[in-house]
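Chemist: If you count the sequence shown from 1, position 131 lands on 120 in the working numbering, and the numbers rise without skipping. C-beta: ideal position from N, C-alpha, C; glycine also. A quick note: this is a predicted structure, and the numbers were derived from the prediction, not measured. Below: one structure in structure tokens.
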Amino acid sequence: MEVCEYKHTSHIEVRYAETDQMGVVHHSVYAVWFEQARTDFFKTVGSTYADVEKQGFLCPVLELNVRYRYPTHYGDVVDIETTLMRRGRLHFKFHYRLFVKGTLCAEGYSLHCFLKDGKPTAELPPQVDLFFPTK
């Protein structure tokens, strides 16, 4: 597994609509936060998903995992550390660690591949290729 050395931290303030009747962030919200963290990850290097798609690539989510460790609540600021790993020629895994005031509240990952012309491809968009320079 090839690990990208770049790490990005996103900051999300929990909105009231993201909480349940107990005042705890609903489990479904974490998938949305992961997507925001991936988007922010690419923006910091000057790119967007739209840029990748204009080059003919799609990047579906193949698998999503979340491990909840400590609840998050309305008004908390959640810091999401995002790292990227390459698994073989076709798969990429984003890892997420979510903290509130230094406490690890959740961690997880999303597994992806790139499609070009509707088929899995080992070819990488330049925005992703730059994270994995050839040795």
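Below 8 Å, can you find three or more Cβ-Cβ pairs linking the region 47 to 59 to the region 95 to 114?
Modeler: Contact holds: three or more Cβ-Cβ distances are below 8 Å.
Chemist: Do we get a CB-CB distance below 7 Å when we pair Tyr59 with the residues of chain B?
Modeler: Protein chains in the displayed structure number just one, and chain B is not present.
Chemist: How is Tyr38 classed by DSSP in three states: helix, strand or coil?
Modeler: Helix, per DSSP.
Chemist: Which class does Val3 belong to by DSSP, given the choice of helix, strand or coil?
Modeler: Val3 falls in the coil class under three-state DSSP.
Chemist: Is the beta carbon of Tyr59 less than 7 Å from the beta carbon of Cys94?
Modeler: Against a cut-off of 7 Å, the Cβ pair of Cys94 and Tyr59 comes out as a contact.
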